[in-house]
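In this text, residue positions in the sequence shown follow my numbering: the first is 168, and each later residue adds one.
Glycine included, C-beta positions come from ideal geometry on N, C-alpha and C.
Below: one structure, written as structure tokens.
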Amino acid sequence: DYRTFIEEIVRKARNKEEAISDLMCILKRHEYVRRKLLEEIRPYRRLIRRYYKLLKYSRTNLTVRERIFEMLGLRGRRDIEEIISQTTRTLNRLRKLRRQEIIVASHLYRLCSSMKRNCETCSLKGLCVHILSSRKVYTRKIRGWYFRG
């Protein structure tokens with residue numbers, strides 16, 4: 168799994184500095200991919216929200232539903248279902264990416280604190296601490312912090 172993959176990278180590094188730079192590269196890549204995925208689904212999220220909001224008032228009436236599709240610029244029900252499933256897939260990928268980011272960030276934080284490195288001088292500008300602290304639901308304990316992993 169991903170955790171063992173990251174541990175392998177840390178183990179194979181010649182020293183802690185190399186391990187830190189490798190993990191930084193991985194974290195930057197994750198950040199880039201996450202931004203791209205969010206850009207990909209941004210227009211659809213609003214569309215889906217509007218669709219459900221309008222649909223709430225017209226569960227039975229078919230002509231109203233046709234008008235909703237027309238209003239939102241959709242061809243029909245299959246169109247919106249395809250958009251919903253595509254967005255759901257992307258959101259699942261984002262969730263998986265988030266879990267992986269937490270694993271990388273916790274390793275990076277542990278290595279940096281063991282080397283007494285400062286977040287202000289780091290090129291990530293405290294991104295790992297931000298990832299680790301911006302959890303809304305805390306279930307799993309990693310090094311004294313509670314994160315959703």
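What are the boundary residues of the alpha helix (DSSP H) that LYS223 is part of? 183–223
Relative to the C-alpha of ILE215, which residue among LEU190, VAL200 and ARG244 is closest? ARG244
How is the alpha helix (DSSP H) around SER273 delimited, first residue to last? 244–281
What residues in its chain sit with their C-beta under 8 Å from that of HIS197, if we drop five residues either side in the sequence? LEU264, GLN267, GLU268 and VAL271
For TYR218 and VAL231, the rounded distance between their alpha carbons: Here the alpha carbon of VAL231 sits roughly 12 Å from the alpha carbon of TYR218.
At a cut of 8 Å, does the stretch 205–215 reach the stretch 250–263 through at least three beta carbon pairs? yes
From GLN253 to PHE236, what distance separates their C-alpha atoms? Rounded to the nearest angstrom, the two C-alpha atoms are 18 Å apart.
For PHE172 and LYS179, I'd like the C-alpha separation in whole angstroms. Going by the C-alpha atoms only, they are around 11 Å apart.
Specify, as a first and last residue, the run of the alpha helix (DSSP H) that ARG284 falls within. Segment: none, ARG284 is in no alpha helix (DSSP H) and carries neither H nor E.
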